[in-house]
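Visitor: Quick note on the working numbering: the sequence shown kicks off at 17 and runs consecutively.
For every residue, glycine included, the Cβ atom is placed at its ideal position computed from N, Cα and C.
Note that this is a predicted model, so its numbers are computed, not measured.
If you scroll down you'll find the structure; I have some questions about it.
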Amino acid sequence: MSGIILYGPAYSAYTRIVRLVLEEKSAPYTLEEVDFISSGMPAAQTERHPFGMVPALEHDGQILFEAGPTCSYLDEVLSAPRFTPDDTLARARMASTISVLDSYIWPDLRELVTQALFTTLVGGWPDDSIKERMVKRLTGSLAILEEKFVSVGALNSDAITLADLHAVPMIAYLAETLDGQVLLQALPALSGWWDDMKQRPSVVSTEFDLTTYPWAQ
Numbered sequence: 017m018s019g020i021i022l023y024g025p026a027y028s029a030y031t032r033i034v035r036l037v038l039e040e041k042s043a044p045y046t047l048e049e050v051d052f053i054s055s056g057m058p059a060a061q062t063e064r065h066p067f068g069m070v071p072a073l074e075h076d077g078q079i080l081f082e083a084g085p086t087c088s089y090l091d092e093v094l095s096a097p098r099f100t101p102d103d104t105l106a107r108a109r110m111a112s113t114i115s116v117l118d119s120y121i122w123p124d125l126r127e128l129v130t131q132a133l134f135t136t137l138v139g140g141w142p143d144d145s146i147k148e149r150m151v152k153r154l155t156g157s158l159a160i161l162e163e164k165f166v167s168v169g170a171l172n173s174d175a176i177t178l179a180d181l182h183a184v185p186m187i188a189y190l191a192e193t194l195d196g197q198v199l200l201q202a203l204p205a206l207s208g209w210w211d212d213m214k215q216r217p218s219v220v221s222t223e224f225d226l227t228t229y230p231w232a233q
């Protein structure tokens, strides 16, 4: 197999999701930073990802995009450990968890993080009304995640699946915001899961510092 190249910025949640799979697999790879905040999405990335998004992954001369399918591919072609359950129902629950994270958690969390972290770094003024609205929505959606997924083992730091690796970058961002820290205090199962996951070597090795980017003020 030829080398693996992952295209995307370290600060992208979805780039980090793919990186976590590669790190957990101990697979050698190169991260090519695609910092779209500085000057927009480069034309070369649009050639890799026709919708102009990140990440994209190159392997054996082929380009893959979209984090979910890319992670499934890597889990199959790279050596153990495997992060996709053998049991049919467990696989379905893993897929459901990922779908919930993508559809109902991340869109609101991304808006909160944009206002709480990124807007200030690029010299703007956070919109408190957006933050308040997102916190209200996340209070409900994270409570559902806690009750219906974390508490029943769909996220499980003792037996991780692709769902756990999918959730890490999102919850990491949540924990970086003051509002998110308050939300986590009310979610003991999710907080416990995060306390375990954030100590994993793969999570530590994919940490990043937003202040090192040229757009950060």
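For M17 and D76, what's the separation of their Cα atoms in angstroms?
Guide: Because M17 carries a pLDDT of 46, less than 50, the predicted location of this residue cannot be relied on, and the following value inherits that uncertainty. Rounded to the nearest angstrom, the two C-alpha atoms are 6 Å apart.
Visitor: Going by alpha carbons, who is nearest to E40 out of Q215, T130 and D211?
Guide: With distances taken between Cα atoms, E40 lies closest to Q215.
Visitor: For A183, collect the residues of the same chain with a Cβ closer than 7 Å to its Cβ; drop the 5 residues on either side in sequence, then sort them by chain order.
Guide: Excluding positions up to five away in sequence, the list reads L117 and L171.
Visitor: Does the contact criterion of 3 or more C-beta pairs under 8 Å hold for the segment 190–207 versus the segment 121–134?
Guide: With the cut-off at 8 Å, the segment 190–207 and the segment 121–134 touch.
Visitor: Give me whichever residues DSSP pairs with Q78 in a beta bridge.
Guide: Answer is H75.
Visitor: Would you kindly report the start and end of the unbroken alpha helix (DSSP H) that includes L47?
Guide: Per DSSP, L47 belongs to no alpha helix (DSSP H); it is in the beta strand (DSSP E), Y45 to E48.
Visitor: Quick check on Y229: does DSSP put it in helix, strand or coil?
Guide: Looking at Y229 - three-state DSSP - the assignment turns out to be coil, as it is neither helix nor strand.
Visitor: Can I53 and R64 be called in contact, C-beta distance under 8 Å?
Guide: Against a cut-off of 8 Å, the Cβ pair of R64 and I53 comes out as no contact.
Visitor: Determine the contact status of E148 and A205, defining contact as a CB-CB distance below 8 Å.
Guide: Going by C-beta atoms, E148 is not nearer than 8 Å to A205.
Visitor: Do the segment 23–33 and the segment 215–226 make contact, defined as three or more Cβ pairs closer than 8 Å?
Guide: Because the criterion of three Cβ pairs below 8 Å is met, the segment 23–33 and the segment 215–226 touch.
Visitor: Using DSSP with H/G/I as helix, E/B as strand and the rest coil, what is L22?
Guide: Correct three-state label for L22: strand.
Visitor: So, is G34 buried or exposed, given that buried needs 16 or more other C-beta atoms within 10 angstroms?
Guide: For clarity, residue 34 is Val in the given sequence; the question names Gly instead. Answer is buried; the Cβ neighbour count reaches 16.
Visitor: For the segment 54–118, list the beta strand (DSSP E) runs that are entirely contained and at least 3 residues long, ordered along the chain.
Guide: DSSP runs (the beta strand (DSSP E)) wholly in the segment 54–118: 72–75 and 78–81.
Visitor: Rounding to the nearest angstrom, what Cα-Cα distance links L47 and I20 in this structure?
Guide: If I take the Cα positions, the gap works out to 9 Å.
Visitor: Drop a sphere of 10 angstroms on the beta-carbon of T86, count the other beta-carbons inside from all chains shown, and report buried for 16 or more, exposed for fewer.
Guide: Result: buried.
Visitor: Within its chain, find whatever has a CB closer than 7 Å to the CB of T155; leave out the 5 residues flanking it on each side and keep chain order.
Guide: Here the set comprises L199.
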